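Visitor: Below is the structure I would like to discuss, written out as structure tokens.
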Amino acid sequence: MNFFDQQDRARRRSRWLIAVFLLAVVCIVVAVDLVVLLVAANVGAEEQMVVPGPDWVANHLDIVTWTSLLVIAAIVGATLFK
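See the structure below:
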């Protein structure tokens, strides 16, 4: 086994792991945003669950923005803490 071949394979694996990590971060952010939007839309709803539509989400983009920023900050903080 050649040293340079091993380095090349390790570099390819690292790129793959970074891509999968970024995909996982995006999925986590989207999932948390959806849960927070569902909870925010249903605060004060008496009987049945309300699913927020595009207009409601457009009027409450600050919720999505802050939730996304907080989740990303938590992930970055946990990633950097070692």
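Read in order, the letters of the sequence shown correspond to residues 30 to 111 in the numbering used here.
The C-beta atom is built at its ideal place from N, Cα and C for all residues, glycine as well.
A quick note: this is a predicted structure, and the numbers were derived from the prediction, not measured.
(1) Three-state secondary structure (DSSP) at Pro-83?
(2) Name the residue from Val-105, Phe-110 and Lys-111 whose alpha carbon lies nearest to the alpha carbon of Ala-53.
(3) Val-65 and Thr-96 - do their beta-carbons sit closer together than 7 Å?
(4) Are Ile-92 and Ala-69 close, meaning C-beta to C-beta below 7 Å?
(5) Determine the direct distance from the alpha carbon of Val-79 to that of Cys-56, and round the result to whole angstroms.
(6) Over the uninterrupted alpha helix (DSSP H) stretch that includes Gln-35, give me the two end residues.
(7) Compute the beta-carbon to beta-carbon distance between Val-58 and Val-86, rounded to the nearest angstrom, for a pair I have assumed lies under 8 Å.
Guide: According to the structure data:
(1) Position 54 of the sequence shown, counted from the start, is the residue given in the question as residue 83. Helix.
(2) Here residue 53 is taken as the residue at index 24 of the sequence shown, counted from 1. The residue with the shortest Cα to Cα distance from Ala-53 is Val-105.
(3) The count along the sequence shown starts at 1 and reaches residue 96 at position 67. The count along the sequence shown starts at 1 and reaches residue 65 at position 36. Yes, they are a contact pair.
(4) Working through the sequence shown from its first residue, we reach residue 92 at position 63. Working through the sequence shown from its first residue, we reach residue 69 at position 40. Taking 7 Å as the Cβ cut-off, Ile-92 and Ala-69 qualify as a contacting pair.
(5) Mapped onto the sequence shown, residue 56 falls at position 27. Mapped onto the sequence shown, residue 79 falls at position 50. Rounded to the nearest angstrom, the two C-alpha atoms are 23 Å apart.
(6) As a first step, residue 35 must be located in the sequence shown, where it is residue number 6. Counting along the chain, the alpha helix (DSSP H) containing Gln-35 begins and ends at 32-71.
(7) As a working note, residue 58 is residue 29 in the sequence shown. As a working note, residue 86 is residue 57 in the sequence shown. The pair is not a contact, with the Cβ atoms about 15 Å apart (cut-off 8 Å).
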